[in-house]
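Report on one structure; see the data block that follows.
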Amino acid sequence: MTVLEKYNIVFKNAIINTPTGQKYSKEADDKNASIPLFNYFLYFFADKDDVEDIIEDINFIITDGYYDDGYCRDIFMDNMRVMYTDTTAKFENKDGVLIKEIPLTDFKEILLLWKVFIQTPPLNNAPLSEEFPFSS
């Protein structure tokens with residue numbers, strides 16, 4: 009079983025025809041997951057440089073064997089945050105309630121696959137559509 013299958017994630021390209029032309033979007037569809045959080049998280053980090061920054065933090069934790077809050081940055085978004093431990097990434101809602109906790113190695117693998125995906129056609133790392141962020 010792949011890490012994407014384990015968390016019920018499917019990466020999708022969406023091409024939407026509108027009166028002003030085509031709009032493109034990439035998404036991580038986890039709507040069938042028990043707790044859909046990757047669609048929101050990965051859409052929020054749709055730039056390969058941002059993804060690489062997160063991977064660097066995870067590599068630092070894995071290599072050193074512990075989370076160093078002086079070096080690694082937790083991730084804060086509008087409706088979610090990701091807090092690191094020595095071995096896991098904890099996804100919490102904006103009120104600090106734990107949504108899901110996954111091993112750092114799984115989180116890193118998902119991010120590596122996402123980084124490759126957002127650089128593939130049709131978008132080739134182009135900005136996502138603001139009008140249709142989650143179209144399928």
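Using the numbering used here, the letters of the sequence shown map in sequence onto residues 9 to 144. Backbone N, C-alpha and C fix where the C-beta goes; we use that ideal spot for every residue, glycine too.
In whole angstroms, what is the alpha-carbon distance linking residue i and residue j?
| i | j | result |
| --- | --- | --- |
| T93 | T113 | 12 angstroms |
| D55 | V105 | 27 angstroms |
| D72 | R81 | 15 angstroms |
| I63 | D57 | 10 angstroms |
| T128 | N16 | 21 angstroms |
| T95 | N21 | 32 angstroms |
For residue i versus residue j, is the C-beta distance shorter than 7 angstroms?
| i | j | result |
| --- | --- | --- |
| K102 | E109 | no |
| Y75 | I69 | yes |
| K123 | V59 | yes |
| I107 | L45 | yes |
| I118 | V18 | no |
| F52 | M9 | no |
In terms of residues, what are the limits of the beta strand (DSSP E) holding residue i?
| i | result |
| --- | --- |
| V90 | 88-92 |
| K102 | Element bounds for K102: n/a, residue is neither H nor E. |
So, with DSSP's three-state summary, where would you put residue i?
| i | result |
| --- | --- |
| I17 | coil |
Between which two residues does the alpha helix (DSSP H) harbouring residue i extend?
| i | result |
| --- | --- |
| T113 | 112-126 |
Any alpha helix (DSSP H) of 4 or more consecutive residues that is wholly inside the segment 50-88: 56-72
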